[in-house]
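Protein chains in written order, with my numbering: chain H, 358 to 848; chain F, 3 to 473. Heads up, the beta-carbon is just placed ideally off N, CA and C, and yes, glycines get one too. Quick caveat: nothing in here was measured; it's all calculated off a predicted structure.
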Amino acid sequence: MEQAPADRERLPQPAPLEPLGRRAAGLESVAGAEAERARDEGPGDGMMTENNFWLKKIEISVSEAEKRTGRNAMNMQETYTAYLIETRSVEHIDGQSVLTDSLWRRYSEFELLRNYLLVYYPHIVVPPLPEKRAEFVWHKLSADNMDPDFVERRRIGLENFLLRVASHPILCRDKIFYLFLTQEGNWKETVNETGFQLKADSRLKALNATFRVKNPDNSVIRRHFRSPLHTEVGGIRDGEGSECCRGDLRNDQRATGKWRFTELKHYSDELQSVISHLLRVRARVADRLYGVYKVHGNYGRVFSEWSAIEKEMGDGLQSAGHHMDVYASSIDDILEDEEHYADQLKEYLFYAEALRAVCRKHELTQYDLEMAAQDLASKKQQCEELATGTVRTFSLKGMTTKLFGQETPEQREARIKVLEEQINEGEQQLKSKNLEGREFVKNAWADIERFKEQKNRDLKEALISYAIMQISMCKKGIQVWTNAKECFSKM
Amino acid sequence: MGTLGGAGLAAAACGARTLGMEGERRASQARSSGLPAGGAGGESPGGDAPLPGSSGSSALLQAEVLDLDEDEDDLEVFSKDASLMDMNSFSPMMPTSPLSMINQVKFEDEPDLKDLFITVDEPESHVTTIETFITYRIITKTSRGEFDSSEFEVRRRYQDFLWLKEKLEEAHPTLIIPPLPEKFIVKGMVERFNDDFIETRRKALHKFLNRIADHPTLTFNEDFKVFLTAQAWELSSHKKQGPGLFSRMGQTVRAVALSMRGVKSRPEEFMEMNNFIEIFSQKINLIDKISQRIYKEQREYLDEMKEYGPIHILWSASEEDLVDSLKGVASCLDKCCKTTEERMSGLSEALLPVIHEYVLYSEMLMGVMKRRDQIQAELDSKVEALTSKKADTDLLTEEIGKLEDKVECANNALKADWERWKQNMQNDIKSAFTNMAEENIHYYEQCLATWESFLTSQTDLHLEEDSEDKL
Chain H
358 MEQAPADRER LPQPAPLEPL GRRAAGLESV AGAEAERARD EGPGDGMMTE
408 NNFWLKKIEI SVSEAEKRTG RNAMNMQETY TAYLIETRSV EHIDGQSVLT
458 DSLWRRYSEF ELLRNYLLVY YPHIVVPPLP EKRAEFVWHK LSADNMDPDF
508 VERRRIGLEN FLLRVASHPI LCRDKIFYLF LTQEGNWKET VNETGFQLKA
558 DSRLKALNAT FRVKNPDNSV IRRHFRSPLH TEVGGIRDGE GSECCRGDLR
608 NDQRATGKWR FTELKHYSDE LQSVISHLLR VRARVADRLY GVYKVHGNYG
658 RVFSEWSAIE KEMGDGLQSA GHHMDVYASS IDDILEDEEH YADQLKEYLF
708 YAEALRAVCR KHELTQYDLE MAAQDLASKK QQCEELATGT VRTFSLKGMT
758 TKLFGQETPE QREARIKVLE EQINEGEQQL KSKNLEGREF VKNAWADIER
808 FKEQKNRDLK EALISYAIMQ ISMCKKGIQV WTNAKECFSK M
Chain F
3 MGTLGGAGLA AAACGARTLG MEGERRASQA RSSGLPAGGA GGESPGGDAP
53 LPGSSGSSAL LQAEVLDLDE DEDDLEVFSK DASLMDMNSF SPMMPTSPLS
103 MINQVKFEDE PDLKDLFITV DEPESHVTTI ETFITYRIIT KTSRGEFDSS
153 EFEVRRRYQD FLWLKEKLEE AHPTLIIPPL PEKFIVKGMV ERFNDDFIET
203 RRKALHKFLN RIADHPTLTF NEDFKVFLTA QAWELSSHKK QGPGLFSRMG
253 QTVRAVALSM RGVKSRPEEF MEMNNFIEIF SQKINLIDKI SQRIYKEQRE
303 YLDEMKEYGP IHILWSASEE DLVDSLKGVA SCLDKCCKTT EERMSGLSEA
353 LLPVIHEYVL YSEMLMGVMK RRDQIQAELD SKVEALTSKK ADTDLLTEEI
403 GKLEDKVECA NNALKADWER WKQNMQNDIK SAFTNMAEEN IHYYEQCLAT
453 WESFLTSQTD LHLEEDSEDK L
């Protein structure tokens with residue numbers, strides 16, 4: 358595992374891992390139901406250029422959950438749930454799978470993995486984890502983290518997370534991820550040793566970070582002028598400003614890139630807002646539906662009691678009552694299935710956050726770039742002033758020279774030299790920053806496109822599965838009420 | 003005609019025990035007790051009206067047609083009659099829901115059975131200096147001879163209905179009088195007379211009058227006739243006839259005194275009946291509550307569902323590739339909303355009013371039991387008096403004789419009416435619940451069709467897209 362270079366300005370290079378194989382996706386989950394969703398197509402062609410040590414298919418599953426007690430960092434007793442992760446490799450020929458690794462992890466370790474991935478792959482839309490606490494609950498569902506239903510749904514969610522990472526063309530190659538699946542003890546230390554927390558830009562975490570990026574999207578350009586040549590933008594307004602900077606502003610591709618990110622940010626906000634609204638309403642609808650079904654159960658009891666005093670009607674009442682009970686209890690399964698649907702939507706609710714993280718990283722990159730450009734520009738200006746002796750802008754130095762006398766030509770020369778050095782350095786840095794920026798945009802956009810297609814596929818499938826659920830519910834209803842009707846008509 | 007035949011049988015049942023059918027009818031006319039129109043309880047102070055003349059021959063006709071010879075068969079036929087008579091209100095003027103149309107069709111098989119058609123409609127608000135009240139228009143169409151005309155239109159208010167019910171109870175203490183809708187429903191009512199309340203009441207009043215019209219005995223009650231035909235001033239003057247306040251009070255006091263004594267021994271069949279009534283009352287009340295609750299839950303479900311579809315539309319605005327799917331889901335949800343509304347209205351028409359009427363019936367039945375018990379208690383007390391006091395034995399014996407007849411009459415009337423009532427109840431409950439099941443089946447079938455067509459459209463698209471990719 359290689360250390361990333363200390364220079365935080367450069368995109369940190371995570372250790373390339375022997376790839377897990379072409380179709381890490383399509384992995385079967387031992388638990389079953391959620392496997393449908395994970396059926397991504399494999400990483401695109403041409404991604405696997407490194408050594409292919411692992412030519413076999415890999416199956417990953419989170420197969421069990423267990424309550425544990427232990428001591429936490431402060432040596433206090435705590436209860437938590439541990440999840441069993443099993444990795445199997447599938448031989449090509451006969452499709453048999455062999456268990457290669459199995460270890461236990463808790464939720465906090467998943468979080469650690471994800472935070473690591475966020476830092477080392479800022480241009481990737483990193484798959485989200487299932488929610489930490491139960492939200493959007495309707496009354497029957499418990500908000501308790503230890504509730505077995507919640508734990509079960511979380512197990513499925515964690516498995517899904519691993520499958521998503523494993524099927525991502527870039528993420529799947531990460532060594533830390535590989536170790537997560539294979540190295541039980543010491544994994545935490547290994548992750549921390551990467552020093553990723555230091556690399557993490559604390560500004561990314563700032564929730565209300567609005568970096569005054571003067572040039573956020575060149576939307577002015579795009580809207581009104583659509584000309585890459587126009588330079589009347591933001592604060593970078595100086596006649597002899599940095600060549601480097603202006604040249605890049607003229608770059609059309611770059612301008613569109615910036616614009617796209619703002620759009621993306623708006624999109625992710627909308628996505629988050631609409632999905633959470635939908636989930637809230639869904640929970641309320643589920644609540645009400647539950648009520649309708651369950652009250653019918655009371656008919657069962659009363660019919661049965663009533664049938665005791667009826668001679669002719671008795672049988673009919675009794676058997677009808679039974680069907681009312683069946684009807685009332687059928688809602689439990691129906692709503693449990695719907696809960697899985699809600700989880701699918703929730704995943705994309707959290708994905709919106711991941712999208713925003715990429716946008717924010719882009720913003721920061723832009724901000725740093727502009728700061729560097731500004732800095733360079735002002736240095737150049739200073740240099741020029743010193744050289745020509747004209748003072749165009751107010752400077753403290755200028756003031757002091759006026760007050761306390763001019764400096765000697767030697768002093769001035771020295772200063773100019775220093776500045777020139779700094780300017781050179783600055784120009785180099787700016788160049789490389791620009792390059793990085795463009796790399797970032799290119800890579801991020803590639804992943805975003807990939808994400809979009811995945812999202813469209815998944816959501817469409819989810820909507821279809823919702824329709825299927827409704828159909829099944831209707832069929833059950835028809836059957837129960839047809840039976841009940843028969844009983845009633847025999848009364 | 004069915005109703006008249008039935009009336010004749012009722013008279014037969016409670017009149018002389020040994021006489022044959024035809025003779026019975028004539029003989030019972032003369033008696034103060036056992037008059038079908040006048041009432042089976044001999045002590046009714048007023049309303050002993052002469053029997054309608056034309057009924058005699060038709061009763062004979064009925065008897066011939068049905069070929070009766072035994073008392074028991076009378077009861078069989080009696081109940082057969084009842085089952086032929088449709089208890090769901092038939093009215094030529096009422097807008098009928100599809101469900102009640104089914105019942106109408108059944109009815110029209112024997113159009114000549116019914117000769118009295120009543121409708122209750124057009125509620126109108128009246129404001130006077132003292133009060134505000136609602137009147138309902140009542141239209142009666144009839145071919146009966148004892149009515150002066152074939153069509154009548156009057157306006158009545160709830161108070162008038164109450165008066166009618168009380169008169170019927172007085173005249174026939176052990177017959178099962180149809181229930182009136184409640185005076186007012188306190189729970190959940192903001193305004194005393196909101197539209198829903200008025201409509202529900204109107205329907206119930208309509209049912210009330212039609213049930214009376216269908217009842218073999220009650221249909222010939224004189225007060226009933228007056229109610230249907232008299233103009234407002236005629237009705238008030240008619241109301242003023244009959245026992246004054248004091249005598250009625252006296253009756254109540256005596257009744258209370260008797261009920262305090264308790265019934266020494268109720269005959270077996272009435273013990274059973276009482277037991278049934280108690281349990282039935284419990285259960286029907288529960289069912290009423292359950293049904294109302296289901297309605298309420300469905301309403302709340304509908305309210306939430308109404309928001310569900312539009313969110314998908316909102317979402318589709320930011321997803322270009324998912325527009326079809328999202329809009330499709332939204333449209334399915336909206337259609338399901340409409341279907342839910344239909345289901346609810348079906349429930350409120352077919353099930354809720356029927357169940358509620360039987361809740362009121364169960365209260366009515368308890369009253370009937372009480373009254374029967376009172377009549378028996380009267381006899382019992384006189385018998386006790388006879389055994390204890392030696393004075394006035396002759397008088398007492400005569401009184402006892404009369405009371406024994408009265409008790410027998412009351413018991414027989416109740417027994418007969420009880421069978422009839424039970425049969426009707428079974429039919430009504432059966433059809434109410436069958437309708438409810440049908441409504442639900444219809445609801446699910448509609449929703450199923452909606453979702454299936456959405457699914458087809460999506461999977462077709464899938465196939466289209468796939469084949470496009472392959473090209």
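| message | Which of the three DSSP states is assigned to H128/F in this structure? | response | What you label residue 128/F is simply residue 126 of the second sequence in a count that begins at 1. In the structure shown, H128/F falls within a strand segment according to DSSP collapsed to helix, strand and coil.
| Can a CB atom of chain H be found closer than 8 Å to the CB of M307/F? | Mapped onto the second sequence, residue 307/F falls at position 305. Closer than 8 Å to some Cβ of chain H, the Cβ of M307/F qualifies, so yes.
| field | C-alpha distance - D198/F paired with D225/F, whole-angstrom precision | value | Counting from one through the second sequence, the residue named residue 198/F turns up at place 196. Counting from one through the second sequence, the residue named residue 225/F turns up at place 223. The alpha-carbon atoms of D198/F and D225/F are separated by roughly 30 Å.
| task | Look at the Cβ atom of R641/H, then the Cβ atom of W495/H, and state whether they are nearer than 8 Å. | result | To locate residue 641/H, count along the first sequence from 1; it is residue 284. To locate residue 495/H, count along the first sequence from 1; it is residue 138. Taking 8 Å as the Cβ cut-off, R641/H and W495/H qualify as a contacting pair.
| field | chain H contact residues for I296/F, given Cβ-Cβ distances below 8 Å | value | The residue you call residue 296/F lines up with position 294 of the second sequence. In chain order: V649, V652 and H653.
| request: Check whether the Cβ atoms of L555/H and T547/H sit closer than 8 Å, and answer yes or no. | output: Walking along the first sequence from the start, residue 555/H turns up at place 198. Walking along the first sequence from the start, residue 547/H turns up at place 190. In this structure, T547/H does not lie closer than 8 Å to L555/H by Cβ.
| said: At the level of alpha carbons, what is the spacing between T457/H and V447/H? | reply: In the first sequence, counting from the first residue as 1, residue 457/H sits at position 100. In the first sequence, counting from the first residue as 1, residue 447/H sits at position 90. Going from the Cα of T457/H to the Cα of V447/H covers about 10 Å.
| query | Leaving out the 5 sequence neighbours to the left and right, which residues in its chain are closer than 7 Å to V370/F when beta-carbon positions are compared? | reply | For the purposes of this step, residue 370/F is identified with residue 368 of the second sequence, where counting begins at 1. The beta carbon of V370/F sits closer than 7 Å to the beta carbons of T176, I178 and L416 from its chain, once the five residues preceding and following it are set aside; these are given in chain order.
| task | Look at the Cβ atom of G673/H, then the Cβ atom of C831/H, and state whether they are nearer than 8 Å. | result | Here residue 673/H refers to the residue found at position 316 when the first sequence is read from its first residue. Here residue 831/H refers to the residue found at position 474 when the first sequence is read from its first residue. No. Outside cutoff.
| request: For the alpha helix (DSSP H) holding W1/F, just list the boundary residues, first then last. | output: Since the first residue of chain F shown is 3 and the last is 473, residue 1/F is not available in this structure.
| request: Please name the residue, chosen from Y303/F, K298/F, E321/F and Q428/F, that lies closest to I2/F on a Cα-to-Cα basis. | output: With chain F running from 3 to 473 in the structure shown, residue 2/F is simply not present.
| task | For the stretch 658 to 673 of chain H, enumerate the residues whose C-beta is nearer than 7 Å to any C-beta of chain F, in chain order. | result | Answer in chain order: V659, E662, W663, I666, E669 and M670.
| task | Check Y464/H in the structure and name its three-state DSSP category. | result | Taking the first sequence and counting its residues from 1, one reaches residue 464/H at position 107. Y464/H: helix per DSSP, three-state reduction.
| query | Can you list, in chain order, the residues of its chain whose CB lies under 6 Å from that of Y650/H, leaving out five sequence neighbours each side? | reply | The sequence position of residue 650/H within the first sequence is 293, counting from 1. If we look at Y650/H and ignore the five residues flanking it on each side, its Cβ neighbours are A685 and I688.
| said: Which same chain residues end up closer than 7 Å to D419/F when comparing Cβ atoms and leaving out the 5 residues on each side of it in sequence? | reply: If you number the second sequence from 1, residue 419/F lands on position 417. Leaving aside the five residues that flank D419/F on each side, the residues in its chain whose CB is nearer than 7 Å to its CB run, in chain order, L177 and I178.
| request: Could you check which residue in R511/H, L628/H, D690/H and T436/H has the C-alpha nearest to that of K833/H? | output: As a working note, residue 833/H is residue 476 in the first sequence. Cα-wise, what sits closest to K833/H is D690/H.
| query | Using the C-alpha atoms, what's the distance from A451/F back to S829/H? | reply | As a first step, residue 829/H is located in the first sequence; it is residue number 472 there, counting from the start. As a first step, residue 451/F is located in the second sequence; it is residue number 449 there, counting from the start. Cα to Cα, S829/H sits roughly 12 Å from A451/F.
| field | Same chain only: Cβ atoms within 8 Å of P269/F, ignoring 5 sequence neighbours per side | value | Sequence index remark: in the second sequence, residue 269/F carries index 267 (1-based). Counting only Cβ-Cβ distances below 8 Å, and skipping sequence neighbours, we find N413.
| task | Note down, in chain order, each residue of its chain lying with its Cβ closer than 6 Å to the Cβ of N840/H, except the 5 sequence neighbours on either side. | result | Translated into the one-based positions of the first sequence, residue 840/H becomes position 483. Excluding residues within five positions, the ones whose Cβ falls inside 6 Å are H680.
| said: Measuring straight from C-alpha to C-alpha, what distance separates D407/F and Q300/F? | reply: Reading the second sequence from its first residue, position 405 is the one you call residue 407/F. Reading the second sequence from its first residue, position 298 is the one you call residue 300/F. In a straight line, the C-alpha of D407/F is about 54 Å away from that of Q300/F.
| query | Rounded C-beta distance between R425/H and A439/H? I'm assuming under 8 Å. | reply | Counting from one through the first sequence, the residue named residue 425/H turns up at place 68. Counting from one through the first sequence, the residue named residue 439/H turns up at place 82. With a Cβ gap of about 5 Å, R425/H and A439/H count as contacting.
| task | Report buried or exposed for L118/F, applying the criterion of at least 16 other Cβ atoms within 10 angstroms of its Cβ. | result | Sequence index remark: in the second sequence, residue 118/F carries index 116 (1-based). The residue in question, L118/F, is buried, as its Cβ has 16 or more Cβ neighbours within 10 Å.
| request: Select from Y160/F, F154/F, D150/F and E148/F the residue whose C-alpha is nearest the C-alpha of P125/F. | output: Mapped onto the second sequence, residue 125/F falls at position 123. Here the closest residue by C-alpha is Y160/F.
| In chain order, what residues of the same chain have a beta carbon less than 6 Å from the beta carbon of A215/F, not counting five sequence neighbours either side? | Along the second sequence, one-based indexing puts residue 215/F at 213. Setting aside the 5 residues that flank it on each side, A215/F is surrounded in the same chain by L118, I120 and T221, each with a C-beta closer than 6 Å to its C-beta; the list follows chain order.
| Helix, strand or coil for E155/F per DSSP? | As a first step, residue 155/F must be located in the second sequence, where it is residue number 153. Strand at E155/F.
| query | What whole-angstrom Cβ distance do L787/H and L733/H have, given they're in contact under 8 Å? | reply | Taking the first residue of the first sequence as 1, we reach residue 787/H at position 430. Taking the first residue of the first sequence as 1, we reach residue 733/H at position 376. For L787/H against L733/H, the beta-carbon gap comes to about 6 Å, under 8 Å, which counts as contact.
| query | Which value, in whole angstroms, describes the spacing of the CA atoms of L457/F and I825/H? | reply | Residue 457/F sits at position 455 when you count from the first residue of the second sequence. Residue 825/H sits at position 468 when you count from the first residue of the first sequence. Their backbone Cα atoms lie some 8 Å apart in a straight line.
| query | On the premise that W461/H lies in contact with L486/H, defined as a C-beta separation below 8 Å, what is that separation, rounded to the nearest angstrom? | reply | Translated into positions along the first sequence, residue 486/H becomes position 129. Translated into positions along the first sequence, residue 461/H becomes position 104. By a beta-carbon distance limit of 8 Å, L486/H does not contact W461/H. Their separation comes to about 17 Å.
| said: Considering only their Cβ atoms, is the gap separating E627/H from S320/F smaller than 8 Å? | reply: One-based indexing of the second sequence puts residue 320/F at position 318. One-based indexing of the first sequence puts residue 627/H at position 270. One thing to note: S320/F has its Cβ within 8 Å of the Cβ of E627/H.
| said: Less than 6 Å between C-beta atoms, sequence neighbours within five positions excluded: which residues of the same chain meet that for C716/H? | reply: Reading the first sequence from its first residue, position 359 is the one you call residue 716/H. So the qualifying residues of the chain are F618, L621 and K622.
| field | Whole-Å CB distance - I527/H paired with Y473/H, under 8 Å assumed | value | As a first step, residue 527/H is located in the first sequence; it is residue number 170 there, counting from the start. As a first step, residue 473/H is located in the first sequence; it is residue number 116 there, counting from the start. Actually they are not in contact, since the Cβ atoms of I527/H and Y473/H sit about 14 Å apart, beyond 8 Å.
| Spatially closest choice to L743/H from A771/H, D682/H, N655/H and A430/H, by CA coordinates | Indexing the first sequence from 1 puts residue 743/H at position 386. Here the closest residue by C-alpha is A771/H.
| task | Quickly, what does DSSP pair G671/H with across the bridge? List them, please. | result | Counted from its first residue, the first sequence places residue 671/H at position 314. For G671/H, DSSP assigns no beta-bridge partner whatsoever.
| query | Using the C-alpha atoms, what's the distance from E302/F back to G311/F? | reply | As a position in the second sequence, residue 311/F is number 309, starting the count at 1. As a position in the second sequence, residue 302/F is number 300, starting the count at 1. G311/F and E302/F have their C-alpha atoms roughly 16 Å apart.
| Helix, strand or coil for S735/H per DSSP? | Walking along the first sequence from the start, residue 735/H turns up at place 378. Helix.
| request: Mind checking the stretch 152 to 172 of chain F against chain H and listing, in chain order, the residues whose C-beta falls within less than 7 Å of any C-beta there? | output: Listed by position along the chain: nothing, the set is empty.
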